[in-house]
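Asker:
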Amino acid sequence: MVNFAIVADIGGTNARFSRVNLSTLELDHVVVYPCADFASLTLALSYYRSTQQLNDIAHVAVAIACPVNGDLVKMTNFHWQFSISQIKAELELAEFIVLNDFTAVAMSLPALKDNEKIKFGAGDSDATKLMAVLGAGTGLGVGHLIPTAHGYIPLPGEGGHTDWTAQNEQEWFIQRYLAAHYGHVSPERLLSGPGIESLYLAIAAYRGLTVEPMSAADISSHALNGSNELCSAVIAQFFASLGALAGDLALTLSTFGGVYVAGGIVPKLLPLLEQSEFRSRFEAKGRFTDFNRRIATYVVTAEQPGLLGCAVYLKQILAS
Numbered sequence: 001m002v003n004f005a006i007v008a009d010i011g012g013t014n015a016r017f018s019r020v021n022l023s024t025l026e027l028d029h030v031v032v033y034p035c036a037d038f039a040s041l042t043l044a045l046s047y048y049r050s051t052q053q054l055n056d057i058a059h060v061a062v063a064i065a066c067p068v069n070g071d072l073v074k075m076t077n078f079h080w081q082f083s084i085s086q087i088k089a090e091l092e093l094a095e096f097i098v099l100n101d102f103t104a105v106a107m108s109l110p111a112l113k114d115n116e117k118i119k120f121g122a123g124d125s126d127a128t129k130l131m132a133v134l135g136a137g138t139g140l141g142v143g144h145l146i147p148t149a150h151g152y153i154p155l156p157g158e159g160g161h162t163d164w165t166a167q168n169e170q171e172w173f174i175q176r177y178l179a180a181h182y183g184h185v186s187p188e189r190l191l192s193g194p195g196i197e198s199l200y201l202a203i204a205a206y207r208g209l210t211v212e213p214m215s216a217a218d219i220s221s222h223a224l225n226g227s228n229e230l231c232s233a234v235i236a237q238f239f240a241s242l243g244a245l246a247g248d249l250a251l252t253l254s255t256f257g258g259v260y261v262a263g264g265i266v267p268k269l270l271p272l273l274e275q276s277e278f279r280s281r282f283e284a285k286g287r288f289t290d291f292n293r294r295i296a297t298y299v300v301t302a303e304q305p306g307l308l309g310c311a312v313y314l315k316q317i318l319a320s
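Position one of the sequence shown corresponds to residue 1 (my numbering), numbered consecutively onward.
This is the structure we're talking about:
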């Protein structure tokens, strides 16, 4: 019986590491490093094990912000790339599992406590039904989870890179503006930190305003305190588009287990969510509006859902 393991959640900006008690799923020795501080995941993981005096732990699960389709893993929004088998051999690990970051977040959903999620809008959730999760941060993650009699089956995917659909005049302008800069306009081009910055420039152009670029953090801060109307409009557009995409995910797999919004951005903007179009756009699906109205939506407020999901996934693998 394996009692302890190391889990990690690697995003485009930060790398989070923790020890986990696989019996209780309790996390400790939680440390966050800027990815830019290390040349590779191997160095970051080795540094964590050494400085936390955890070199005796040989079971590791890592969630990472990119597709995981084989032995070679290349991050989408950072330069790290590595061989899973090579790291396992170099660090003499008994188990080294790598999964997509939103596969891990999806696995965390059944383990969330009531105080680690906030419900917004109408609808109900049935824990025996499929669930969806999406989250904006450095990029946009999407995943689904299937409950079974023998555990959970996560469905990884890259839904953040599908086609974004404009629904009104402002959004048609944003579509053209972003297409001129990027070619393909995916939801991630709007629903992420860099996406918020692009929305700021696009909506300014739509209004005929000349502005200097602004960071997503500053845009969010101005929107929260109501000090800049353009920033408020940007976050309003962000939530409208997020709700529309969440509604699409609900329809795709009939997610009556609920749709969960995770990631680093939305929990910081909770005061603006309730007054936004998020839920109305989630439900506005024509003939299937009543269908989506029955599905609950939540914001995940847990500090480390990726780490928790890695732990749940590893525990399930070791028990099978």
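C-beta: ideal position from N, C-alpha, C; glycine also.
In this text the structure is predicted, and so the values were computed from the model without any measurement.
(1) Could you pull out every unbroken beta strand (DSSP E) segment of at least 3 residues lying fully inside the stretch 8 to 52, listed in chain order?
(2) Using a threshold of 7 Å, state whether the C-beta atoms of residue 277 and residue 240 are closer than that.
(3) Going by beta-carbon coordinates alone, are residue 321 and residue 255 separated by less than 7 Å?
(4) Enumerated in chain order, which unbroken segments of the alpha helix (DSSP H) with a length of 4 residues or greater are wholly contained in the stretch 140 to 220?
(5) Measuring straight from C-alpha to C-alpha, what distance separates residue 228 and residue 242?
(6) What whole-angstrom Cβ distance do residue 173 and residue 200 have, given they're in contact under 8 Å?
(7) How big is the Cα-Cα spacing for residue 238 and residue 274?
(8) Based on the DSSP output, what are the partners of residue 132 in its beta bridges?
(9) Would you tell me roughly how many angstroms separate the C-alpha atoms of residue 161 and residue 266, rounded to the nearest one?
(10) Over the uninterrupted alpha helix (DSSP H) stretch that includes residue 274, give me the two end residues.
(11) Strictly by DSSP, which residues pair up with residue 124?
(12) Report yes if the C-beta distance between residue 19 and residue 4 is below 7 Å; otherwise report no.
(13) Tell me whether residue 270 is buried or exposed, calling it buried when 16 or more other Cβ atoms sit within 10 Å of its Cβ.
(14) Please identify the residue among 220, 295 and 208 whose C-alpha is closest to the C-alpha of residue 247.
(15) Please report the Cβ distance between residue 61 and residue 310, rounded to the nearest whole angstrom; I am assuming they are in contact, meaning their Cβ atoms lie under 8 Å.
(16) For residue 98, which residues from the same chain have a beta carbon less than 7 Å from its beta carbon, with the 5 sequence-adjacent residues on both sides left out?
(17) Could you compute how far the alpha carbon of residue 49 sits from the alpha carbon of residue 29?
(18) So, under 8 Å CB-CB, residue 93 and residue 58 are touching, yes? Tell me the CB distance rounded to an integer number of Å.
(19) Does the contact criterion of 3 or more C-beta pairs under 8 Å hold for the stretch 149 to 158 versus the stretch 281 to 299?
(20) Would the stretch 113 to 126 count as touching the stretch 162 to 181 if we require 3 or more Cβ pairs under 8 Å?
(21) Using CA coordinates, which residue listed in 45, 272, 139 and 298 is at the minimum distance from residue 259?
(22) Provide the residue(s) that pair with residue 79 in DSSP beta bridges, ordered along the chain.
(23) Can you give the Cα-Cα distance for residue 280 and residue 114, rounded to whole angstroms?
(24) Considering only C-alpha positions, which residue in the set 235, 192, 305 and 31 is nearest to residue 203?
(25) Quick check: what's the CA-CA separation for residue 88 versus residue 194?
(26) When DSSP labels each residue in this structure, what does residue 318 get in the three-state scheme?
(27) Here's a check: name, in chain order, each residue in its chain whose Cβ is nearer than 7 Å to the Cβ of residue 55, leaving out the five neighbours to either side.
(28) Considering only residues of the same chain and omitting the five flanking positions on each side of residue 245, which have a CB-CB separation below 6 Å?
(29) Short check: CB of residue 9 to CB of residue 306, under 7 Å?
(30) Can you tell me whether residue 68 is helix, strand or coil according to DSSP?
(31) Who are the near neighbours of residue 126 in its chain, counting only those whose CB is closer than 7 Å to its CB and skipping five residues on each side?
(32) Using the beta-carbon count (16 or more within 10 Å), is residue 196 buried or exposed?
(33) Expressed to the nearest angstrom, what Euclidean distance is found between the alpha-carbon atoms of residue 81 and residue 96?
Answerer: For this structure:
(1) 14 to 21 and 26 to 34
(2) As a first step, residue 277 is located in the sequence shown; it is residue number 277 there, counting from the start. As a first step, residue 240 is located in the sequence shown; it is residue number 240 there, counting from the start. With a cutoff of 7 Å on beta-carbon distance, residue 277 and residue 240 are scored as near each other.
(3) Since the displayed the chain opens at 1 and closes at 320, residue 321 lies outside it and no answer follows.
(4) 169 to 182 and 193 to 206
(5) In the sequence shown, the residue the question calls residue 228 occupies position 228. In the sequence shown, the residue the question calls residue 242 occupies position 242. One C-alpha to the other measures close to 21 Å.
(6) Along the sequence shown, one-based indexing puts residue 173 at 173. Along the sequence shown, one-based indexing puts residue 200 at 200. Not really, about 14 Å apart at Cβ, beyond 8 Å.
(7) Looking up residue 238 in the sequence shown gives position 238. Looking up residue 274 in the sequence shown gives position 274. Looking at the two C-alpha atoms, the distance is approximately 13 Å.
(8) Indexing the sequence shown from 1 puts residue 132 at position 132. Residue 132 pairs with 144 and 259.
(9) Indexing the sequence shown from 1 puts residue 161 at position 161. Indexing the sequence shown from 1 puts residue 266 at position 266. Cα to Cα, the separation comes out at about 19 Å.
(10) Residue mapping note: residue 274 aligns to position 274 of the sequence shown, counting from 1. Note, residue 274: premise wrong, no alpha helix (DSSP H); not H, not E.
(11) Position 124 of the sequence shown, counted from the start, is the residue given in the question as residue 124. According to DSSP, residue 124 bridges with 295.
(12) By one-based count along the sequence shown, residue 19 stands at place 19. By one-based count along the sequence shown, residue 4 stands at place 4. Between residue 19 and residue 4, the gap from beta carbon to beta carbon is short of 7 Å.
(13) As a position in the sequence shown, residue 270 is number 270, starting the count at 1. It counts as exposed.
(14) On the sequence shown, residue 247 is found 247 positions in, with the first residue counted as 1. Among 220, 295 and 208, the Cα nearest to that of residue 247 belongs to 295.
(15) In the sequence shown, the residue the question calls residue 61 occupies position 61. In the sequence shown, the residue the question calls residue 310 occupies position 310. That pair is a contact at about 4 Å.
(16) Your numbering for residue 98 matches position 98 in the sequence shown. Answer for residue 98: 62, 64, 68, 73 and 84, listed in chain order.
(17) For the purposes of this step, residue 49 is taken as residue 49 along the sequence shown, with counting starting at 1. For the purposes of this step, residue 29 is taken as residue 29 along the sequence shown, with counting starting at 1. Approximately 10 Å, taken between the alpha carbons.
(18) Mapped onto the sequence shown, residue 93 falls at position 93. Mapped onto the sequence shown, residue 58 falls at position 58. Between residue 58 and residue 93 the Cβ distance is about 5 Å, and since that is below 8 Å, they are a contact.
(19) no
(20) no
(21) Taking the first residue of the sequence shown as 1, we reach residue 259 at position 259. That would be 298, whose Cα lies nearest to the Cα of residue 259.
(22) Position 79 of the sequence shown, counting from 1, holds the residue named residue 79. DSSP lists no partner for residue 79.
(23) Start at 1 with the first residue of the sequence shown, and residue 280 comes out as number 280. Start at 1 with the first residue of the sequence shown, and residue 114 comes out as number 114. Roughly 24 Å separates the two Cα atoms.
(24) As a working mapping, residue 203 is identified with position 203 in the sequence shown. Comparing alpha-carbon positions, the option among 235, 192, 305 and 31 lying closest to residue 203 turns out to be 235.
(25) For the purposes of this step, residue 88 is taken as residue 88 along the sequence shown, with counting starting at 1. For the purposes of this step, residue 194 is taken as residue 194 along the sequence shown, with counting starting at 1. Straight-line Cα distance between these residues: approximately 33 Å.
(26) As a position in the sequence shown, residue 318 is number 318, starting the count at 1. Looking at residue 318 - three-state DSSP - the assignment turns out to be helix.
(27) For the purposes of this step, residue 55 is taken as residue 55 along the sequence shown, with counting starting at 1. So the list reads 49, once near-sequence residues are dropped.
(28) What you label residue 245 is simply residue 245 of the sequence shown in a count that begins at 1. Taken in chain order, the residues that qualify are 187.
(29) Translated into the one-based positions of the sequence shown, residue 9 becomes position 9. Translated into the one-based positions of the sequence shown, residue 306 becomes position 306. Result yes, Cβ atoms of residue 9 and residue 306 sit closer than 7 Å.
(30) The sequence position of residue 68 within the sequence shown is 68, counting from 1. In this structure, residue 68 counts as coil in the three-state DSSP scheme.
(31) Within the sequence shown, residue 126 is the residue found at index 126, counting from 1. Here the set comprises 256 and 257.
(32) By one-based count along the sequence shown, residue 196 stands at place 196. So residue 196 ends up on the buried side.
(33) As a position in the sequence shown, residue 81 is number 81, starting the count at 1. As a position in the sequence shown, residue 96 is number 96, starting the count at 1. Approximately 15 Å between the Cα atoms of the pair.
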